[in-house]
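In our numbering, the protein residues as written are 28 to 535. Heads up, the beta-carbon is just placed ideally off N, CA and C, and yes, glycines get one too. Quick caveat, the model's predicted, so the values are computed rather than measured.
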């Protein structure tokens, strides 16, 4: 006997239930599906407490989205204190420096050339190239090249890098719209804020790379602020942008897949595109953030974290900056290594005297254990390589991680003697602490060991303004010349005085 299709069965069930639980006669041959009894249906009904709980969570969902949307729309430059504004300026020039330096690499140059024929109106700057292109491609290219050298700032509490997602998108649209410097800075701050709060409120799956995820929403918010969206539009924009999150593989960074560098650039592109979609009439789901970051790319999402101290605690003031040209997970290990090196004569260890190096660190850093990275990117995500190249070159700057260093026999030999392991005690201290202990054993039997709990550049041990200035000038001077590099720095310090952002970006 034929069996009715699942679609027919489902339709029949829905038809019967829709009659308010009143039995409807459906004549079916013996053996066909029969509607469930009234008793069974009553057993399946959600209990009132469950319905009320669901309504409560829906109300909470609406409340947090309304709160963050209103926060973004209502925040003005005058609402930001000197600390927030000062830190935002540092994020701007630090990000411009790493973009300009990254733009000189071979792949980014080729990328820009190949996208140029498809560009629209050239209103937005390609930083470090002294050229203009359309906003979408400017955000894409600037965001991509800004991660190339692994020197972009980040936020340890959000477990990611908001600046390189938000700055390129805000800069591109800010130039196109000729917004004042005050407006640009305000958009950066609120975009950075929403991006980081999503990162704090959820915990991405371990298989995901954080680039290209919540940064998309932050970029969209910054752009929405620049074009003066109202609160309802901002809420819809956030829901649209949430569904434009990328599926980013964590393996790319470990294996040296340079498509990983595209993730941040693609977020900036998507952030701008989300605004275009909004203006075209597109909509999102009711709670895009909660849906995507609570069930798709993460299993948990805490809406309270989105609004806790909103408007009084700014995540941009809790960021970190980097001076080592490699993944942040390396940095506490390198800090400990530098402490050991400083104890030696002439501040160095002779690599030939080293028998072994042992690194105990937290779980995320312990993944960076490859001793034979395939290329520059993989080398930046390898603690053994980072330790070895630092010992040989005496520093952890850009030059220590260049492609030609990856296969050098002396670095490879030393990296093979570096062991990395997780220490549970250190893992439990995250995210407020990212500790590492480094023990160096010499061939004469002597050992040196140091433990670092707070990486240099974190909010508890920040780089000074002079140190950040020196980093920027070191990256920018080879590209712009000493005079122009200093001029960019000086202009950034007074960016709020510019009535037209194009006057600020001239010559970038």
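Residues sharing a beta bridge with residue i, DSSP
i           : result
residue 182 : 187
residue 525 : Paired residues: none, contrary to the question.
residue 476 : 466
residue 457 : Beta-bridge pairing links residue 457 to no other residue.
residue 552 : Shown here, the chain extends from 28 to 535; a query on residue 552 therefore has no answer.
residue 385 : 446, 466
residue 160 : 151
residue 276 : 235
residue 347 : 181
C-beta atoms of residue i and residue j nearer than 8 Å
i           : j           : result
residue 352 : residue 407 : yes
residue 276 : residue 238 : no
residue 288 : residue 118 : no
residue 445 : residue 398 : yes
residue 531 : residue 333 : no
residue 417 : residue 361 : yes
residue 400 : residue 367 : no
residue 410 : residue 386 : yes
residue 151 : residue 140 : no
residue 356 : residue 457 : no
residue 274 : residue 301 : no
residue 173 : residue 126 : yes
C-beta neighbour in chain D for residue i, strict 8 Å
i           : result
residue 481 : In the structure shown, chain D cannot be found, because there is only a single protein chain.
Residue i, buried or exposed, once every other Cβ within 10 Å from all chains shown has been counted against 16
i           : result
residue 459 : exposed
residue 354 : buried
residue 161 : buried
residue 109 : exposed
residue 146 : buried
residue 186 : buried
residue 474 : exposed
residue 75  : In this predicted model, residue 75 has a pLDDT of only 41, less than 50, meaning its place in the structure is not dependable; the value taken from the coordinates is given anyway. Exposed.
residue 519 : buried
residue 498 : buried
residue 372 : exposed
Beta-carbon separation (whole angstroms), residue i vs residue j, contact threshold 8 Å
i           : j           : result
residue 130 : residue 156 : 6 Å
residue 515 : residue 535 : 7 Å
residue 14  : residue 100 : Here the chain covers residues 28 to 535 and nothing more, so residue 14 does not appear.
residue 294 : residue 192 : 5 Å
residue 188 : residue 291 : 7 Å
residue 215 : residue 197 : 5 Å
residue 153 : residue 165 : 6 Å
residue 255 : residue 223 : The Cβ separation is near 23 Å, so there is no contact.
residue 263 : residue 311 : 6 Å
Backbone CA spacing between residue i and residue j [nearest angstrom]
i           : j           : result
residue 124 : residue 501 : 9 Å
residue 523 : residue 437 : 49 Å
residue 201 : residue 337 : 25 Å
residue 211 : residue 253 : 7 Å
residue 281 : residue 105 : 43 Å
residue 454 : residue 463 : 10 Å
residue 414 : residue 482 : 15 Å
residue 485 : residue 203 : 34 Å
residue 448 : residue 149 : 50 Å
residue 468 : residue 111 : 44 Å
residue 343 : residue 329 : 20 Å
residue 350 : residue 495 : 8 Å
residue 478 : residue 376 : 18 Å
residue 284 : residue 405 : 8 Å
residue 98  : residue 298 : 19 Å
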